[in-house]
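Chains as they are written, first to last, in the numbering used here: chain A, 1 to 504; chain B, 505 to 650.
Here a beta-carbon is modelled for each residue, glycine too, at the ideal position from N, C-alpha and C.
These numbers were taken from a predicted model, which means no experiment stands behind them.
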Amino acid sequence: MIDFTALSAALELMFSSFGPWIFVIPGLLIGLIFGAIPGLQVSMAMALFLPLTFTMDFIQSIMFLTSIFTGGVYGGGVTAILMNIPGSSSSVATAFDGYPMTCKGGQNQALGLSLGASVIGAFIGYSVLFVLIQPLAAVVLKLGPLEMVLVIAWGLTLIATLSERSVAKGLLAGMIGLILSQVGMSTTGVLRATFGSSYLLDGVQVVPAMIGIFAASELLRIRERQTLSTVEGAPPVAFGPIIRAMFSTFKYPSVLLRGSGIGVLIGAVPGVGSSVANLVAYGEVRRTSSTPEKFGTGIPEGVIAAESANSSSEGGSMTALLALGIPGGAATAVLMAAFSYHNLVGGPSFIRDQGDLVYAIILGNLVQVLLLGLVGLLSLRVLGMVVQVPLRYLVPSVLALCVWGGFGVTGTIAGPLTVAVFACLGWLMRRHHYPVAATVIGLLLGRMAEGEMVRSLQISGGHIFGYLLERPISMLLLALMLFSIGAAFLKARRIHRRANISAT
Amino acid sequence: MSLRLAPSHAVFLAIVLAFTVAMNYSAITAKFALNNLVILVPASVLALILIGTILLSRPIPEDVPEESLRKTLGDLLLLGLFCGFCSLMFVIGFDVATFFFIWIGIVVCGERSLWKPPAFALAFAVVVTTTFGALFPFPIVTLVLQ
């Protein structure tokens, strides 16, 4: 599985000089900043700094761009924890438990856990890539649209579990997201529900919508508080507690491994990536937990599952790029542009002929992940000060940043208007205890689900169940999904029965 | 069974219902085909059933917002200000819109000082407009800053 000749050449390439590492720490910091500011996307940062890499050699440029990628995936989780604003769609699930921890004065613990889970998750992701790049690529090639439909459906099942108070409200919130995802040009080229606006041709812009529904509505809800933390005299962000929390990540090995495993597998599927991985991992860990009712109230397992999954999916997405030459998302598409600038193309021949470069990229990323631990730790103290800023200043400032972020994604008035509309929707939903996260999940996955479903229907000639029976991976995925849901249901019943017995 | 709902909850459900009907009307008139309706129609049918379930179920105490009228009016004021900021930034310029939004926003959120809000708003608007202006690859409409 490992080509040792190529590996020794890679070690020589990476560690014989300081050259490949010069831009790693600046790259991590750029990624952290772009990831942490709502609306600024990691892919935007990578595209923005791509021209700078034209003067670098290949390994230097890839190390710089992947360090932005690594920093950005983690940075999105910081604002999700501190302000309930996921910096990107890959951090949606991080906010579920990270933000309640902050509200209870546990921001140090949440930040430490997320940093620990990110570092370990990304390390696992790249380690898997290091060992299994060739077999993984063969598996990914066998995945068709039907398998993707099943993966997306697995992500959508999380909707049903997001509202403890009323399942009907949780489901309705999810359906609103799914319906909203159908605005604009369909995958078959049919124009639907644009209401005469050219801005809606491509549908509702997910990132501005997410910023509006999550951030703006939450800021309105909390604006009468003094600071973000509801605990009087909450501890300031400090190295000691963060480092302790970082190492306490190891107390949850099964959550870490499950989150990372799901992240690698889903991240490797082109077009699905970290935004689905964090939701599926969170849902799975919650379903299999003995205390699922505690999820969403601020428990470590929730933060670890989400962060380990989104970080390990980075290794997965590199599988598709390196082994198949397919960019799994916008960030890997920018990496592909850097490849082509150096006259290189990912794919089976790249792995066969340029094995040293492949291993050099993987090794570089493994070291980069460890550096993220250090850079993240040093920057958290600054980023964490946000919990002590008076909310009367923080609320309008972050609201303004949301609007600027919305504009940054679209470049037109559509971004700010989408933020405003979804802020109003989020305010109404939060007021009546509808889980806004379910709407975001529906919106994120609806368009994806439609595209893959249509392709499955076309390939199967309309006989989707017959087609399902012909595909062993689909059958396996379906069986796993049903088993996971069934097991969770049985477990919930058992817990409920035990609670009843102990009550009587 | 009870049909009693908080007015804002009724407004929310009415908006969802109207939007669902409009979406389906638009999609069905555009093309009545399985490929076009594969997600929309099942999601809409389920949404309608769920709206009915919520309307007919007994409201739990948390369904009725416990917030004071003052808090609700304050929220609506800030929300209105926010919507105004989003729609006017292309008209009066991003810099000026940001400055006024931050100033008024801080006052609405409870700051009593007379000089701190405009001073903070000025610094914030300058930093944000110049930083984002340099980062974004699109032109930004400004009135004062270049």
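According to the Cβ coordinates, are residue i and residue j closer than 8 Å?
| i | j | result |
| --- | --- | --- |
| A:P396 | A:F407 | no |
| A:I179 | B:S548 | yes |
| A:A226 | A:L391 | The question names Ala, yet the displayed sequence has Gln at residue 226 of chain A. In contact: A:Q226 and A:L391 (Cβ atoms closer than 8 Å). |
| B:L585 | B:I610 | no |
| A:L372 | A:S118 | yes |
| A:M175 | B:L559 | no |
| A:G348 | A:M336 | The question names Gly, but residue 348 of chain A in the sequence shown is Pro. Contact: no. |
| A:R244 | A:G325 | no |
| A:G177 | A:I441 | yes |
| B:F628 | B:I606 | yes |
| A:T79 | A:G87 | yes |
| A:G263 | A:S312 | yes |
| A:A423 | A:G203 | no |
| A:A414 | A:Y199 | yes |
| B:A531 | A:A193 | yes |
| A:L401 | A:L115 | no |
| A:A168 | B:T557 | yes |
| A:F69 | A:E314 | yes |
| A:L143 | A:I473 | yes |
| A:A9 | A:L363 | no |
| A:S89 | A:A338 | no |
| A:L28 | A:V375 | yes |
By DSSP, does residue i sit in helix, in strand, or in coil?
| i | result |
| --- | --- |
| B:V515 | helix |
| A:L191 | strand |
| A:I2 | coil |
| A:G461 | coil |
| A:M185 | strand |
| A:S484 | helix |
| A:Y434 | coil |
| B:I562 | Sequence inspection shows Arg at residue 562 of chain B; the Ile mentioned does not correspond to that position. Correct three-state label for B:R562: coil. |
| A:S474 | helix |
| A:S289 | coil |
| B:L647 | coil |
| A:N84 | coil |
| A:G298 | coil |
| A:T412 | coil |
| B:I488 | Residue 488 of chain B falls outside the range modelled here, since chain B spans only 505 to 650, and no answer is possible. |
| A:S397 | helix |
Can you pull the chain A residues whose beta carbon is under 7 Å from the beta carbon of residue i, in chain order?
| i | result |
| --- | --- |
| B:F604 | Result: empty, since nearest Cβ-Cβ is about 10 Å, beyond 7 Å. |
| B:L554 | A168, L171, L172 and M175 |
Kindly list, in the order they appear in chain A, the residues whose Cβ is closer than 8 Å to that of residue i.
| i | result |
| --- | --- |
| B:I558 | S166, A168, K169 and L172 |
| B:F628 | S397 and A400 |
| B:L521 | Result: empty, since nearest Cβ-Cβ is about 11 Å, beyond 8 Å. |
| B:V648 | The contacting residues do not exist; B:V648 stays about 16 Å from chain A at best. |
| B:V631 | Under the 8 Å cutoff, chain A gives no residues; its nearest Cβ is about 10 Å from B:V631. |
| B:L550 | L171 and M175 |
Excluding five sequence neighbours on each side, which residues of the same chain lie with their C-beta closer than 7 Å to the C-beta of residue i?
| i | result |
| --- | --- |
| A:V454 | T187 and T188 |
| A:F123 | L366 and V369 |
| B:F603 | A625, L626 and A629 |
| A:V515 | Nothing can be reported for residue 515 of chain A, as the shown portion of chain A is limited to 1 through 504. |
Leaving out the 5 sequence neighbours to the left and right, which residues in its chain are closer than 8 Å to residue i when beta-carbon positions are compared?
| i | result |
| --- | --- |
| B:T524 | S548, A551 and L552 |
| B:M527 | L544 and S548 |
| A:A331 | V42, S43, M46, F69, G72 and S317 |
Starting from the beta carbon of residue i, find every residue of chain B whose beta carbon is closer than 9 Å, and list them in chain order.
| i | result |
| --- | --- |
| A:P416 | F589, C590, S591, M593 and F594 |
| A:M453 | N539, V542 and I543 |
| A:T531 | Since the first residue shown for chain A is 1 and the last is 504, residue 531 of chain A is missing from the structure and cannot be characterised. |
| A:A423 | L583, F586, C587 and C590 |
Quick one: what's got a C-beta closer than 6 Å to residue i's C-beta in the same chain, skipping five residues either side?
| i | result |
| --- | --- |
| A:L482 | none |
| B:W619 | none |
| A:F96 | G296 and G302 |
| A:W427 | S217 and L220 |
| A:L445 | I152, G155 and L156 |
| A:A309 | G259, I262, G263, A277, N278 and A281 |
| A:V207 | V409 |
| A:M582 | Beyond the ends of chain A as shown, which are 1 and 504, falls residue 582 of chain A; an answer cannot be given. |
At a CB-CB cut-off below 9 Å, which residues of chain A make contact with residue i?
| i | result |
| --- | --- |
| B:T524 | M175, I176 and I179 |
| B:L582 | L219, L220, R223, V395, P396 and L399 |
| B:S599 | The residue asked about is misnamed: residue 599 of chain B is Asp in this sequence, not Ser. Result: empty, since nearest Cβ-Cβ is about 11 Å, beyond 9 Å. |
Using the beta-carbon of each residue, which ones in chain B are nearer than 7 Å to residue i?
| i | result |
| --- | --- |
| A:I413 | F594 |
Just to make sure I have the definition right: I need the residues of chain B whose C-beta is within less than 8 Å of the C-beta of residue i. Which are they?
| i | result |
| --- | --- |
| A:L457 | L538, N539 and V542 |
| A:A193 | A526, M527, S530 and A531 |
Which runs of the alpha helix (DSSP H) at least 4 residues long sit entirely within the region 94-162 of chain A? Give them in chain order. 107-142 and 145-156
Give the list of continuous alpha helix (DSSP H) stretches no shorter than 4 residues that lie fully inside the region 568-630 of chain B. 573-596 and 598-612
Tell me the start and end of each unbroken alpha helix (DSSP H) in the region 303-366 of chain A that is at least 4 residues and wholly inside, in chain order. 330-341 and 348-353
So within the region 201-281 of chain A, which uninterrupted alpha helix (DSSP H) runs reach at least 4 residues, ignoring any that extend past its ends? 206-210, 217-222, 239-248 and 253-268
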